[in-house]
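Taking my numbering, the leading residue of the sequence shown gets 44, the next gets one more, and so forth.
Down below is the structure, laid out as structure tokens.
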Amino acid sequence: MVRARRGEQALARAEELSLSYPKGLWRAEEYGHLVFRTSETSWLLELSRESWPSDRDEPYTRTEYARLTVAELVTSKEPPPAQRPASKKGVLRRALGRD
């Protein structure tokens with residue numbers, strides 16, 4: 044039951060993000076967007092922005108895409124903590140032939 048609830052929460056959050064994604068962009072008011080639901084757990088976002096550079100005779104449209112997918116974490120393993128490298132005492136002495 045808890046697993047199903049988490050899955051529903053993840054799907055609801057993903058859908059919310061797909062619909063509100065452009066609002067988080069810098070100068071968001073300049074973007075248009077389309078949101079496609081490609082499956083029960085995936086969305087494709089198309090973001091477009093028009094500008095008119097001063098050196099051009101026509102507007103320029105920039106289109107970007109983002110994909111949002113919900114996945115279930117099956118297993119994980121944390122990486123071991125990094126270990127400080129062994130001291131390199133004597134490297135300079137060896138390089139100078141004094142060791």
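Just so you know, even glycine gets a beta-carbon here, dropped at the ideal spot from N, CA and C.
Local Cβ density within 10 Å of residue i, reported as buried at 16 or more and exposed below that
i      : result
Ser-61 : buried
Trp-86 : buried
Proximity of residue i and residue j at Cβ, strictly below 9 Å
i      : j       : result
Ala-57 : Val-117 : no
Arg-92 : Glu-73  : yes
Leu-88 : Leu-111 : yes
Ser-94 : Tyr-103 : yes
For residue i, the first and last residue of its enclosing beta strand (DSSP E)
i       : result
Tyr-74  : 74 to 82
Trp-86  : 85 to 94
Ala-109 : 103 to 112
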